[in-house]
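S.K.: Numbering (this note's numbering), first residue to last: 2 to 90.
Below is a structure I'd like to ask you about.
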């Protein structure tokens with residue numbers, strides 16, 4: 002979530018509207034990440050679904066995808082919804 006906050010700030014500075022799908026929560030500060038918890042996949046899937054239902058997403062980027070199941074969730078969402086070009090970070 003720390004990287005997501007920086008991404009949203011960057012989007013704002015570039016005058017674009019950023020949205021997020023959280024896949025993990027982290028406890029971190031300027032010294033680093035001290036703990037991370039992956040969110041349940043059904044919750045990740047639901048976030049993609051409700052964003053696609055409400056917004057025309059024109060481009061996307063990933064952040065921390067800490068395990069194969071999260072990568073698979075992103076791939077599934079991209080096959081199901083049109084989220085535009087994807088930057089894998």
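For every residue, glycine included, the Cβ atom is placed at its ideal position computed from N, Cα and C.
Considering only the alpha carbon of each residue, which of 13, 88, 82, 74 lies closest to residue 25?
M.R.: The residue given as residue 25 occupies position 24 in the chain shown. It is 74.
S.K.: Using only the alpha-carbon positions, how far apart do residue 18 and residue 38 sit?
M.R.: Translated into positions along the chain shown, residue 18 becomes position 17. Translated into positions along the chain shown, residue 38 becomes position 37. Residue 18 and residue 38: Cα-Cα distance of roughly 26 Å.
S.K.: Got a sec, what are the start and stop residues for the beta strand (DSSP E) residue 24 sits in?
M.R.: The residue you call residue 24 lines up with position 23 of the chain shown. Looking at the DSSP string, residue 24 is not in any beta strand (DSSP E), and its letter there is neither H nor E.
S.K.: Under a Cβ-count criterion, where at least 16 other Cβ atoms within 10 Å of its own Cβ denotes burial, should residue 92 be classed as buried or exposed?
M.R.: Residue 92 falls outside the range modelled here, since the chain spans only 2 to 90, and no answer is possible.
S.K.: Since residue 78 is in the alpha helix (DSSP H), which residue starts that stretch and which ends it?
M.R.: Walking along the chain shown from the start, residue 78 turns up at place 77. That run of the alpha helix (DSSP H) goes 69 to 81.
S.K.: Tell me whether residue 39 sits in a helix, a strand or coil according to DSSP, three-state version.
M.R.: Locating residue 39 in the chain shown gives position 38, where the first residue counts as 1. Note: residue 39 maps to strand in three-state DSSP.
S.K.: Below 8 Å between beta carbons: does that hold for residue 90 and residue 63?
M.R.: If you number the chain shown from 1, residue 90 lands on position 89. If you number the chain shown from 1, residue 63 lands on position 62. Result yes, Cβ atoms of residue 90 and residue 63 sit closer than 8 Å.
S.K.: Relative to the alpha-carbon of residue 31, which residue among 60, 4, 88 has its alpha-carbon at the smallest distance?
M.R.: Against the chain shown, residue 31 aligns to sequence position 30. Residue 31 has its Cα closest to that of 4, out of 60, 4, 88.
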